[in-house]
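Remarks on the structure that follows.
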Amino acid sequence: MTKQTSSDPQSKSNPEQAIPNFQHGEAGSADMASDSNKAPAESAIIAIPASNDQAKVASPSSRKRSLLESVHDEEPSTKKPRESPSSSPKKNGDSISQKDRFPSPPNEPATKLDKETWQGFCDIESEPTYFSVMLREMGVQGVTVREVFAMDPAVLETLPQPIYGLILLFRHREFGNADQPTECPANVWFANQLPAQNSCATLAMINILMNTIDVETGEHLKQFKDFTQSFTPFQRGEALSSFDFVKKIHNSFAKKMDILEADKHLSNKVNRARREQQEKEGKKGRRTSVDSIETDGSVGDEENAHHFIAFLPVGDEIWKLDGLDVQPTSLGSFDSSKGETWLSAVTDVIAAIMAAGDDDYGVIAMTQSPLLSLRKTACLAMNTLKLVETRLDSVDAGWKSFLISEEEPPTAQTLGVENQIATHPVPDPLKARIDDEKMADLLDRRGRLVKELSRLLADIMNETHNEAEEDQKATERRYDLGPLIQEWLSMLAGNGFLEGNLDRYMPKGKGKGTKSKK
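For the sequence shown, my numbering gives the first residue as 192, with consecutive numbering after it.
Given below as structure tokens:
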């Protein structure tokens with residue numbers, strides 16, 4: 192879905208700074224990152240007795256491997272597993288429980304331990320619902336993700352405003368890199384995407400959030416931004432790749448097949464790099480078995496990989512933030528004093544990218560959540576209503592007898608604004624107008640405010656319901672049905688159904704009656 196396989200960005204210097212609060216294991220240079228998906232498997236060697244063949248998974252040159260070997264030699268084999276006291280297999284009827292072991296068997300769903308221990312980033316579909324849920328779980332408040340159906344300023348105006356950034360999904364190809372600066376500007380926060388990690392969707396959202404003001408990003412992301420403020424883009428990419436808080440939320444969508452496919456893809460990429468290095472050095476390596484090399488299909492998948500890149504304004508300038516680029520790219524500026532907007536300028540750029548490629552693309556927008564503006568409006572309306580009723584009490588204590596409708600306004604608790612209402616006082620000019628109004632005008636204003644609050648309540652309830660539906664959809668997506676489907680197909684194969692109906696489902700000329708060509 193979103194495997195990115197283009198050339199990896201390199202920093203100008205190899206960072207040596209430690210990343211204590213965000214790093215899990217060693218974040219190092221690109222060669223170390225290429226083995227990152229296998230780090231947990233090595234850690235499991237300590238907790239689970241393994242054969243010598245299994246213990247040789249890591250590269251002989253890996254620093255992690257040498258550390259693990261020394262620990263393994265010093266610890267007696269009878270030592271209890273470090274990861275969990277129940278990590279050894281337990282009989283449960285005729286089956287063996289693997290919930291506390293990493294990795295779990297390939298024919299079982301990905302466990303919570305699998306998702307939290309695996310060091311890669313899984314593929315995630317370009318589904319705004321999932322991205323909105325991820326942002327809320329990261330602690331980001333008042334931000335949602337919406338689909339963009341046409342790159343037209345008029346269409347973009349129908350989305351919740353303001354729009355903080357646009358994210359383009361397309362078949363990756365380099366473009367517009369001629370104007371890249373030699374160093375990342377101080378006012379732009381930009382992180383690279385590390386090799387062999389399918390994190391471009393999450394990275395695009397993080398790149399937008401880190402450059403957006405007046406957005407509550409939550410304590411974790413705020414600390415992360417402060418910690419990485421002086422880093423280079425490559426160092427920020429390293430920090431993000433080992434930021435367990437974000438990685439766990441991203442990989443909560445991982446299924447067992449996603450993990451296996453990502454590990455296979457990484458293994459193929461490493462093997463190919465080694466062979467290319469051997470060819471470059473003029474050495475003939477040992478003939479590699481067919482099972483250990485990438486297929487033509489895997490190479491084709493790599494060449495046709497999809498990729499997410501971000502477009503956003505920083506000040507009065509528009510930037511393209513592509514994690515596979517070495518530095519961010521300026522696309523031009525706009526003059527807000529003349530009524531120009533960044534959206535009118537960036538739509539032409541994105542439309543040109545689409546026209547130059549194929550039709551396989553998508554655009555999503557990170558916008559302010561409608562709930563934020565609805566609740567702000569509700570707070571102001573409630574404070575105004577309270578002021579009007581106080582003024583009516585001073586004019587005539589029996590004003591309620593003049594009401595035509597007995598409709599009561601919703602409460603702050605019903606609107607969900609009890610903790611925000613004090614932060615939105617009535618403006619002084621409006622206070623002055625209310626103080627000068629007669630009783631009839633005050634009653635009329637009160638009636639309008641009650642109707643407005645009732646409408647706002649309906650809109651708030653609708654948006655709250657939409658968020659609940661998004662959460663439910665994300666929960667369903669996180670459930671791994673792969674092993675169930677595999678077991679079902681095994682049963683169909685066992686009773687002869689698949690063999691008897693193979694011709695119905697196979698492409699023409701590839702059924703069981705087709706003779707193979709020699």
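Even glycine gets a Cβ: it sits at the ideal position worked out from N, Cα and C.
Only a predicted model underlies this, so the values are computations on that prediction, with no experimental measurement involved.
Buried versus exposed, by CB contacts within 10 Å (16 or more), residue i
i, result
"M697", "exposed"
"G356", "buried"
"K642", "exposed"
"M682", "exposed"
"F322", "buried"
"F340", "exposed"
"G514", "buried"
"D694", "exposed"
"D285", "Residue confidence for D285 is low, a pLDDT of 44 falling below 50, so the modelled location carries little weight; the figure read from the coordinates is stated next. Per the 10 Å Cβ criterion, exposed."
"H441", "buried"
"S443", "buried"
"E690", "exposed"
"L594", "exposed"
"H656", "exposed"
"S592", "exposed"
"E207", "Note on E207: pLDDT 43, under 50, position unreliable in the model; no value is reported."
"F293", "buried"
Helix, strand or coil at residue i according to DSSP, with G and I counted as helix
i, result
"L503", "strand"
"K511", "strand"
"S524", "strand"
"Y696", "helix"
"V540", "helix"
"F361", "strand"
"A387", "coil"
"A684", "helix"
"I595", "coil"
"G356", "strand"
"I315", "coil"
"G691", "helix"
"Q332", "strand"
"M557", "strand"
"A241", "Bear in mind that the predicted position of A241 carries a pLDDT of just 40, short of 50, making it unreliable; the figure below should be weighed with that in mind. Note: A241 maps to coil in three-state DSSP."
"H615", "coil"
"R292", "coil"
"E628", "coil"
"Y552", "strand"
"E180", "Absent from the structure is residue 180, since the part of the chain shown begins at 192 and ends at 709."
Cβ distance (whole Å) where residue i is taken to contact residue j below 8 Å
i, j, result
"A556", "L350", "6 Å"
"T312", "S390", "The sequence as given places Phe at residue 312; Thr does not occur at that position. The pair is a contact, with the Cβ atoms about 4 Å apart (cut-off 8 Å)."
"P300", "P618", "56 Å between Cβ atoms; not a contact."
"G638", "S596", "7 Å"
"A180", "V608", "Beyond the ends of the chain as shown, which are 192 and 709, falls residue 180; an answer cannot be given."
"I354", "L534", "6 Å"
"P740", "K511", "Examination of residue 740 is not possible in this model, given that the chain is present from 192 through 709 alone."
"L400", "V331", "7 Å"
Selection from the options that minimises the alpha carbon distance to residue i
i, options, result
"K622", "K577, D549, F361, G638", "K577"
"K567", "K529, A613, D584", "A613"
"A392", "L689, T532, S317, C375", "S317"
"L359", "G330, H498, Q310, L563", "H498"
"R427", "A659, Q384, P319", "Q384"
"N398", "A387, E365, N378", "N378"
"N298", "P353, L693, E690, I676", "I676"
"D516", "F340, Q352, T308, G367", "G367"
"N574", "T602, S592, L680", "T602"
"P344", "A684, P616, I541, M652", "I541"
"F381", "Q611, V554, L394", "L394"
"M396", "V586, N692, V554, S592", "V554"
"D671", "D627, T302, R292, T581", "T302"
"E365", "H615, R669, I544, W533", "I544"
"Y552", "T308, F361, V346, M329", "F361"
"E508", "A496, I500, T532", "T532"
"H363", "I500, G589, R646, F422", "I500"
"K770", "A631, K306, E628", "This structure does not reach residue 770, given that the chain is present from 192 up to 709, and the question cannot be answered."
"D627", "V579, K529, T373, D550", "V579"
"E598", "T423, F502, L644, I625", "L644"
Test: residue i CB closer than 8 Å to a CB of chain C
i, result
"D417", "Judged by its chain identifiers, the structure shown contains no chain C, having just a single protein chain."
Review point. Using 8 Å as the threshold, is the stretch 327-337 in touch with the stretch 555-571, meaning 3 or more CB pairs across them?
Key: yes
Point to revise | At least three beta-carbon pairs within less than 8 Å, the stretch 451-461 to the stretch 402-418 | key: no
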